[in-house]
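Undergrad: Residues 0 to 481 (numbering that gives the first Met the number 0) are what the sequence shown spells out, left to right.
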Amino acid sequence: MIYMFTEQERFMLSIIVVVYFCLLFVFSLYINQRKIKTYEDYNVAGRSVSMFPIVLTFVGTAIGGSILLGFMENGYRLGMGQHWLNAGILITGIITASFLVKKIRQIGEKHHMVTLGDFTALRYGEGARIPTVISVLLAYCAITGMQFVAIATILNLTLGLSMTVGIIISWLLLTAKTYFGGLKSVVWQDAVHGTIQTIGIVVLFIVILWVSGDWEGIAANAIEMGESASLSVMNISVSEVLVYLFTIGGYQFVRQDLWQRFWAAKDYKTAMYGYWISIMLAFLIGVMVIVIGVLTKYGLQMTTIAPSLVYYESIGAVFQFPLVAIMIIALMATIISCADSFFMAASSSIINDIIKPRMNHASEQKMLKYSRYSVIFVSIIALFLALYMPQLVVLWVIGTAMLVSGLLAPAVIGLFWKGATQTAGISAMWIGLCLAVVWQLAGHPFGIHPVFIGLPLSTLTLIFVSWLTKADAASNIWTEAK
Numbered sequence: 000m001i002y003m004f005t006e007q008e009r010f011m012l013s014i015i016v017v018v019y020f021c022l023l024f025v026f027s028l029y030i031n032q033r034k035i036k037t038y039e040d041y042n043v044a045g046r047s048v049s050m051f052p053i054v055l056t057f058v059g060t061a062i063g064g065s066i067l068l069g070f071m072e073n074g075y076r077l078g079m080g081q082h083w084l085n086a087g088i089l090i091t092g093i094i095t096a097s098f099l100v101k102k103i104r105q106i107g108e109k110h111h112m113v114t115l116g117d118f119t120a121l122r123y124g125e126g127a128r129i130p131t132v133i134s135v136l137l138a139y140c141a142i143t144g145m146q147f148v149a150i151a152t153i154l155n156l157t158l159g160l161s162m163t164v165g166i167i168i169s170w171l172l173l174t175a176k177t178y179f180g181g182l183k184s185v186v187w188q189d190a191v192h193g194t195i196q197t198i199g200i201v202v203l204f205i206v207i208l209w210v211s212g213d214w215e216g217i218a219a220n221a222i223e224m225g226e227s228a229s230l231s232v233m234n235i236s237v238s239e240v241l242v243y244l245f246t247i248g249g250y251q252f253v254r255q256d257l258w259q260r261f262w263a264a265k266d267y268k269t270a271m272y273g274y275w276i277s278i279m280l281a282f283l284i285g286v287m288v289i290v291i292g293v294l295t296k297y298g299l300q301m302t303t304i305a306p307s308l309v310y311y312e313s314i315g316a317v318f319q320f321p322l323v324a325i326m327i328i329a330l331m332a333t334i335i336s337c338a339d340s341f342f343m344a345a346s347s348s349i350i351n352d353i354i355k356p357r358m359n360h361a362s363e364q365k366m367l368k369y370s371r372y373s374v375i376f377v378s379i380i381a382l383f384l385a386l387y388m389p390q391l392v393v394l395w396v397i398g399t400a401m402l403v404s405g406l407l408a409p410a411v412i413g414l415f416w417k418g419a420t421q422t423a424g425i426s427a428m429w430i431g432l433c434l435a436v437v438w439q440l441a442g443h444p445f446g447i448h449p450v451f452i453g454l455p456l457s458t459l460t461l462i463f464v465s466w467l468t469k470a471d472a473a474s475n476i477w478t479e480a481k
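(1) Hey, would you say V293 sits closer than 8 Å to G78, going by beta carbons?
(2) Would you mind sorting G216 into buried or exposed? The rule is 16 or more other CB atoms within 10 Å of its CB.
(3) What three-state label does DSSP hand A361 in the structure shown?
(4) Would you list the one or two residues that DSSP bridges to A338?
(5) With contact counted as at least three CB pairs below 8 Å, one residue from each stretch, are the segment 424-438 and the segment 454-462 in contact?
(6) State the beta-bridge partners of V48 as determined by DSSP.
(7) Closest to L440 by CA distance: which of M401, T422, W466 and L414 is it?
(8) Would you mind working out which of G315, A127 and L68 sits nearest I353, comparing C-alpha positions?
(9) Where does T5 land, buried or exposed, given buried means 16+ other C-beta within 10 angstroms?
(10) Among F57, V16 and T303, which residue has its Cα nearest to the Cα of Y272?
(11) Tell me the residue span of the alpha helix (DSSP H) that contains T460.
(12) Output the boundary residues of the alpha helix (DSSP H) element that contains F70.
(13) Buried or exposed: where does I223 fall if 16 or more other Cβ atoms within 10 Å of its Cβ makes it buried?
(14) Round the Cβ separation of Y310 and M71 to the nearest angstrom and send it over; I've been treating them as touching at under 8 Å.
(15) According to DSSP, is I447 helix, strand or coil?
(16) Please give me, in chain order, every unbroken run of the alpha helix (DSSP H) with length at least 4 that falls completely inside the segment 143-222.
(17) For the segment 322-332 against the segment 121-138, do three or more pairs of beta-carbon atoms, one drawn from each stretch, fall closer than 8 Å, so that the two count as touching?
(18) Could you work out which residue in W214, I205 and L414 is closest to S313 when comparing CA atoms only?
(19) Taking its Cβ as the centre, do 16 or more other Cβ atoms sit within 10 Å of T95, making it buried, or is it exposed?
(20) Please return the same chain residues whose Cβ sits closer than 7 Å to the Cβ of I349, not counting the five positions on each side in sequence.
(21) Label N31 either buried or exposed according to how many other C-beta atoms from any shown protein chain fall within 10 Å of its C-beta, with 16 as the threshold for buried.
(22) How close, in whole Å, do the beta carbons of V342 and T143 come, if the pair is a contact with beta carbons under 8 Å?
(23) When the Cα of V290 is compared with those of F245, G69 and S169, which residue comes out closest?
(24) According to DSSP, is I304 helix, strand or coil?
(25) Taking Cβ positions, are V113 and S347 nearer each other than 8 Å?
(26) Can you list, in chain order, the residues of its chain with a C-beta nearer than 6 Å to that of A385? Leave out the 5 residues immediately preceding and following it.
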């Protein structure tokens, strides 16, 4: 049974949550008044973010509510084998840091890029913005709505608010603070949120490790339950690892919020070193989160709880109320650090890829105004999805499948291969994302994930059509960016 709060504790939590929300909003107002003067200040933090905040904003967007709660739940249900899923994210992070960051940073800095659509348009022509925007908006509006639901769930479990009220409260908070603060506020709040979530997870890990006792006792409990295999890191199928690696792992290569942070860093070294530090830190946090889930079951012997509530149950089992309250704030910090980043990723696609190309010589103030309007537009879509879309996770899966299937090959291969032509790039995008949608809506025929259909065909299309068509001026961007 989930940790139950007394009326007095609920009242105290309410005060803490209100104060916390107010501090976030006031900070956004401060950033708006003192730090945001231009379009780039709002959308890419003025390209001036230093090492400390860049590391923690990378961590904040990497370790969201879905990772914290999802990995912990998976560790509780499925055991130590889930470390391979965390390793999959690490592998893609290492590949990104080793081969992609330098190219992404150089080209983005040279051409003042704000979105993934800027790159695809430069590489394959303005027609490439359309499939890019469709994929980004579908994925990021859905996942922003999911964050509204996640915050509402916390408010429901801790304060007793209805899900509808919780969703509306989270929508108002995130919309208001993002409207005023933009990415510059998001990055600096991520520095605070990243610190809170990291300390909170480390403390919870140490306490549960200590309370669980020695490994022999933990193993004996697992054997008694007939689940000794759950303590082995090999307790996972190869197919499950591959699906995760090519879906969530592949998604890391074309995450617009990640590319924006490479461009927001004050220089290349800050982006590179900050990202290296963050992927290692995020991996270690992921390891601790999974182990917490495993130890809650076999160490604390909490075997009858709902797996989705393992975080709440574990903090209630090992902490007194004051620390439980801090851990609730740590969870909210984890979710908010992702939510506002996804918010900005979606809204910047609207202003930068839909509105800006149609506005000639618009002033900075006008672009800043429309940037804020884009935030409101995205927030309304995400709110509608959170309130009325029962299959919100499915919509997000479709969006990420479209991103990976349609954009991964043209974006990543296009970074390195000069022979990729405009016709090939746009064709590969449309074929990949359309196949991903059709395959998802068809219910994964033959049990095959849409990414395993869309991505190979998108890649083959890019190569084959490039071979058939004449090379164009797109390749000139490489000599210019050096």
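Note that the Cβ used here is the ideal one computed from N, Cα and C, for glycine as well.
TA: By the coordinates alone:
(1) A contact, by the Cβ cut-off of 8 Å.
(2) By the neighbour-count rule (16 or more Cβ atoms within 10 Å), G216 is not buried but exposed.
(3) In this structure, DSSP gives A361 a state outside helix and strand, which the three-state scheme calls coil.
(4) Answer is none; A338 lacks a bridge partner.
(5) Contact holds: three or more Cβ-Cβ distances are below 8 Å.
(6) Beta-bridge pairing links V48 to A264.
(7) Minimum Cα distance to L440 is reached at M401.
(8) For I353, the nearest C-alpha among the options comes from A127.
(9) Per the 10 Å Cβ criterion, exposed.
(10) The residue with the shortest Cα to Cα distance from Y272 is F57.
(11) Counting along the chain, the alpha helix (DSSP H) containing T460 begins and ends at V450 to L467.
(12) Taken as a continuous stretch (DSSP letters only), the alpha helix (DSSP H) holding F70 covers G64 to L77.
(13) The identity of residue 223 in the sequence shown is Glu, whereas the question assumes Ile. By the neighbour-count rule (16 or more Cβ atoms within 10 Å), E223 is not buried but exposed.
(14) Indeed they touch by this definition, with Cβ atoms about 6 Å apart.
(15) Residue state, collapsed to three classes: coil.
(16) Listed in chain order, the alpha helix (DSSP H) runs fully inside the segment 143-222 are 162-211, counting runs of at least 4 residues.
(17) Cβ pair count under 8 Å is below three, so no.
(18) Sorting W214, I205 and L414 by C-alpha distance to the C-alpha of S313 places I205 at the top.
(19) Buried is the call here.
(20) So the list reads S373, F376 and V377, once near-sequence residues are dropped.
(21) Its Cβ being crowded by 16 or more others within 10 Å, N31 is buried.
(22) According to the sequence shown, residue 342 is Phe rather than Val. Confirmed, Cβ separation roughly 5 Å.
(23) Taking only the C-alpha atoms, the option nearest V290 is G69.
(24) Shown here, I304 sits in coil according to DSSP, grouped into three states, outside any helix or strand.
(25) Here V113 is near S347, since their CB atoms are less than 8 Å apart.
(26) So the list reads G144, F147, V148 and I166, once near-sequence residues are dropped.
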